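One structure is given here, and the rest of the page talks about it.
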Amino acid sequence: MSTFVFKTKEMDYTPVSNVFIDKFMPKARGEFVKVYLLGLKYCRSGELGVSSQIIASALHLLETDVLNAWNYWNEENVIRMTPIDNMGNYNIDFLDLMDRETEKGDNINLLKELSKDSIKDMLEDIEKSIGRPLSSKEMTMYISWLNDFNFSPEIILLLVQYCVLKGKVSSRYIEKTALSWFDAKIKDVNDAQVFIKKHEDKWIKIRRILNYLGIKDGEVMKPQEELLTKWIQSYNFSLEIIYKACDICFQRINKADFKYIDGILTSWNKDKIKTLEDIEKKDIKRPSYNNFKNVKRNSENKNFKGTFNNFKERNYDFQDLEKKLLGWDKND
């Protein structure tokens, strides 16, 4: 666990630079933005420091996500992150961003770019796909991906069409999708098609599992999504195997618990179980809880004969034992 010590004066509000909103936020992952804003709020409200555990808990993230976020902003020169010791603790300085507006690469000459046929055709095709004219800000965003993400016009158009098919045409959603494609290192149309199929197959299964558990899509948090992804992609379990683990979870604790289900599936993965028949074979080899109850019940029967067949039963006088325990035998 790391602790981050903020080096700024106390304030009663949280000012966010327009430079951050316009220049840095659009390119950053959502969880990185959340860590920055929450850290800025803690800093401006006079907190001396806060642990990665508290930030992760507040934002429903992993502690590694928090540390990755601070490293990202440090590399972007938005903050200055300085180690305090060898225990994973840091000073965080929020830097003044007002001088970043004129940095190299921030501005795109739209008139010059629109004179290029390939750029002009790409933007026209995007407008046809989303069914509305593009703003100058949106045009700048798409053009910037050619250099920032190394996307070809074909990749950008495919990305937009993919979002349109999902019924998502807001620039924010499209930009978020572009970031995920960039993180996935998509370089050509074939990479994009493979990514789409894999991603959609995963989410189709995730939605079915959530529906089986009685949970809505919007209620699943990032740690739960990571567990679901692990069951589907890392363990490569079929839906019927995951459903079976869910059934066992309900039978034992009468609720949907992701960690409990994960424990079952992790055990099955370790035992190389892939089918329902494999689960039945494992259950046959392992004594069930009911069997243990039967053994216990039988052991309480005075006629029970276990493995100690030659053990001579003792007959105790419990009234006499009680007298000795209470010291009454001395009064006799």
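Mind the numbering: the sequence shown is residues -14 to 317 in my numbering, read in order.
Think of the CB as a built atom: it goes at the ideal place given N, C-alpha and C, for glycine as much as any other residue.
Values in this document were obtained by computation on a predicted structure and should not be read as measured data.
Nonlocal neighbours in the same chain, by C-beta distance under 7 angstroms from residue i, ignoring five residues either side
i, result
"Thr292", "Caution is warranted here: a pLDDT of 44 is assigned to Thr292, below 50, making its placement in the model unreliable, and no coordinate value can be reported."
"Asn286", "Low confidence applies here, because Asn286 scores a pLDDT of 49, under 50, leaving its location unreliable and the question unanswered by this model."
"Gly90", "Confidence is the limiting factor: at Gly90 the pLDDT is only 42, short of 50, which leaves the residue's position unreliable and the question unanswerable from this model."
"Ala163", "Trp130, Phe134 and Leu144"
"Lys207", "His45 and Leu46"
DSSP bridge partner residues for residue i (one or two, in chain order)
i, result
"Arg65", "Asp78"
"Val(-10)", "Gly34 and Asn76"
6 angstroms Cβ shell around residue i - same chain, five flanking residues per side excluded
i, result
"Phe5", "Leu82"
"Glu16", "Leu46 and Asp50"
"Ser2", "Leu82"
Contact under 9 angstroms by Cβ, residue i with residue j
i, j, result
"Leu142", "Ile93", "no"
"Leu261", "Ile233", "no"
"Glu160", "Met126", "yes"
"Thr(-12)", "Ser37", "yes"
"Lys267", "Asp247", "no"
"Leu250", "Phe222", "yes"
"Glu32", "Met(-14)", "no"
"Ala54", "Arg14", "yes"
"Val63", "Leu46", "no"
"Asn74", "Val(-10)", "yes"
"Val154", "Ile115", "yes"
"Gln209", "Lys187", "no"
"Val174", "Glu211", "no"
"Lys105", "Leu96", "no"
"Tyr197", "Tyr228", "yes"
"Tyr147", "Ala177", "yes"
Length of the line joining the Cα atoms of residue i and residue j
i, j, result
"Asp102", "Asp70", "55 angstroms"
"Phe9", "Gly24", "16 angstroms"
"Glu60", "Pro118", "35 angstroms"
"Ser121", "Met72", "47 angstroms"
"Phe277", "Ser252", "With a pLDDT of 45 at Phe277, under the threshold of 50, the modelled position of that residue is not reliable, and the figure given next carries that caveat. Approximately 21 angstroms between the Cα atoms of the pair."
"Met66", "Tyr57", "10 angstroms"
"Phe167", "Arg237", "43 angstroms"
"Lys190", "Lys201", "13 angstroms"
"Arg193", "Asp242", "16 angstroms"
"Ser137", "Ile171", "10 angstroms"
"Asn76", "Glu185", "41 angstroms"
"Lys240", "Val18", "34 angstroms"
"Phe235", "Ile181", "33 angstroms"
"Ala320", "Val35", "Look at the range of the chain in this structure, -14 to 317, and you will see that residue 320 is not part of it."
"Arg157", "Asn254", "38 angstroms"
"Lys244", "Ile258", "19 angstroms"
"Leu224", "Lys151", "23 angstroms"
Residue-level contact to chain C via CB, residue i, 9 angstroms cutoff
i, result
"Ile238", "The chain inventory of the structure shown lacks chain C, comprising one protein chain alone."
Minimum length 4: unbroken alpha helix (DSSP H) runs contained in the stretch 169 to 201: Those alpha helix (DSSP H) runs which fall completely within the stretch 169 to 201 and span 4+ residues are 174 to 198.
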